[in-house]
Amino acid sequence: MATRIAPSADVSEEAVLGEGTSIWHLAQVREHAVLGRDCIVGRGAYIGEGVVMGDSCKVQNYALVYEPARLADGVFIGPAVTLTNDHFPRAVNPDGTLKSAADWEPVGVTIDEGASIGARAVCVAPVHVGAWATVAAGAVVTKDVPAHALVAGVPARRIGWVGRAGEPLTPAEPDPDGARRWRCPVTRTLYQEAGTESDTTIREVTH
201 MATRIAPSAD
211 VSEEAVLGEG
221 TSIWHLAQVR
231 EHAVLGRDCI
241 VGRGAYIGEG
251 VVMGDSCKVQ
261 NYALVYEPAR
271 LADGVFIGPA
281 VTLTNDHFPR
291 AVNPDGTLKS
301 AADWEPVGVT
311 IDEGASIGAR
321 AVCVAPVHVG
331 AWATVAAGAV
341 VTKDVPAHAL
351 VAGVPARRIG
361 WVGRAGEPLT
371 PAEPDPDGAR
381 RWRCPVTRTL
391 YQEAGTESDT
401 TIREVTH
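Residue numbers (this note's numbering): 201 to 407.
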């Protein structure tokens, strides 16, 4: 399937778009951005210079994906999400001169396979969102998010776990050693917690 670019979209000739990718009205895709196959960039969205997106990503209306963000396959970016790129934002230098690209070093947001960022959430770079995690609408992410975590709030904190289907996991019988287990209500996949209370992760143990 060929790429589709709406007449009102602004796509740099130096951007690379995979087969089947669609860029909708008023969206902008900057120089050297690389988008995989079957991606969707919604109305008014912005994809910054050199941003890399995997296959089957969806960037909803008016989302701002600033360079040097990296999105793996199947990432969902909700409406009006912002992925930032500056540790210490200023319009001017200490001497009052206008900042240029040479006056700061951009830092990026990395999002792993299948993760979802809800509407109007903000990811404050540099942060890493793990595979299949979900960031709730309106959350402000200021630290790394583990794989399969469900985070919400300002600043975002983990409030649960989610499976590949996106639905919250439900408690399951613990393993023989007492480790907490969770099950996806859709796929029935079983997951097991590991780590400490302050640094907990979860892994898939069966299908």
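Even for Gly, the Cβ is constructed at its ideal location relative to N, Cα and C.
Note that the structure is predicted; figures quoted are calculated from it, not measured.
Within 8 Å (strictly less), CB to CB, does residue i reach chain D?
i      : result
Arg320 : Absence of chain D from the displayed structure is noted, only one protein chain being present.
Figure out for me which residue from the options has the closest Cα to the Cα of residue i.
i      : options                           : result
His225 : His287, Gly244 and Ile359         : Gly244
Ala321 : Ile240, Arg383, Leu264 and Thr203 : Leu264
Ala331 : Pro207, Asp273 and Ala337         : Asp273
Glu214 : Met201, Ala233, Ile205 and Arg204 : Ala233
Gly218 : Trp361, Gln260 and Leu235         : Leu235
Tyr246 : Asp255, Gln260 and Asp238         : Gln260
Met253 : Val354, Val216, Gly278 and Ser398 : Val216
Ile402 : Arg230, Ala280 and Gly360         : Gly360
Glu313 : Asp375, Arg380, Ala209 and Gly363 : Gly363
What does a CB cutoff of less than 7 Å around residue i pick up in its chain, not counting 5 residues either side in sequence?
i      : result
Asp303 : Asn293
Glu404 : Thr389 and Tyr391
Tyr266 : Gly248, Leu283, Thr284 and Asn285
Ala365 : Cys384, Val386 and Thr387
His287 : Val307
Ile205 : Val211 and Ile223
Met201 : Glu219 and Gly220
Gly353 : Ala339
Assuming the contact rule is C-beta atoms closer than 8 Å, residue i and residue j should be a hit. Round their C-beta distance to whole Å, please.
i      : j      : result
Val327 : Val340 : Contact doesn't hold; Cβ gap of about 10 Å is too wide.
Ile311 : Val329 : 5 Å
Ile240 : Ser212 : With a Cβ gap of about 18 Å, Ile240 and Ser212 do not count as contacting.
Glu393 : Thr387 : Between Thr387 and Glu393 the Cβ distance is about 18 Å, and since that is not below 8 Å, they are no contact.
Ala333 : Val345 : 5 Å
Grab the span of the beta strand (DSSP E) containing residue i for me, first residue to last.
i      : result
Thr389 : Where Thr389 is concerned, there is no enclosing beta strand (DSSP E), given that its DSSP letter is neither H nor E.
Arg380 : Element bounds for Arg380: n/a, residue is neither H nor E.
Arg364 : From DSSP, Arg364 is part of no beta strand (DSSP E); its letter is neither H nor E.
Thr370 : Thr370 to Ala372
Can you list, in chain order, the residues of its chain with a C-beta nearer than 6 Å to that of residue i? Leave out the 5 residues immediately preceding and following it.
i      : result
Cys358 : The amino acid at residue 358 is misidentified as Cys; the sequence shows Arg. For Arg358, where only same-chain residues beyond five positions count, the Cβ hits under 6 Å are Ala349 and Val351.
Val275 : Cys257, Ile311 and Ala315
Using a Cβ-Cβ cut-off of 8 Å (strictly less than) and excluding sequence neighbours within five positions of residue i, which residues of its own chain qualify?
i      : result
Arg380 : Pro371, Pro374, Gln392 and Glu393
Mind pulling the beta strand (DSSP E) runs of 3 or more residues that sit fully within the stretch 289-361? 349-352 and 357-361
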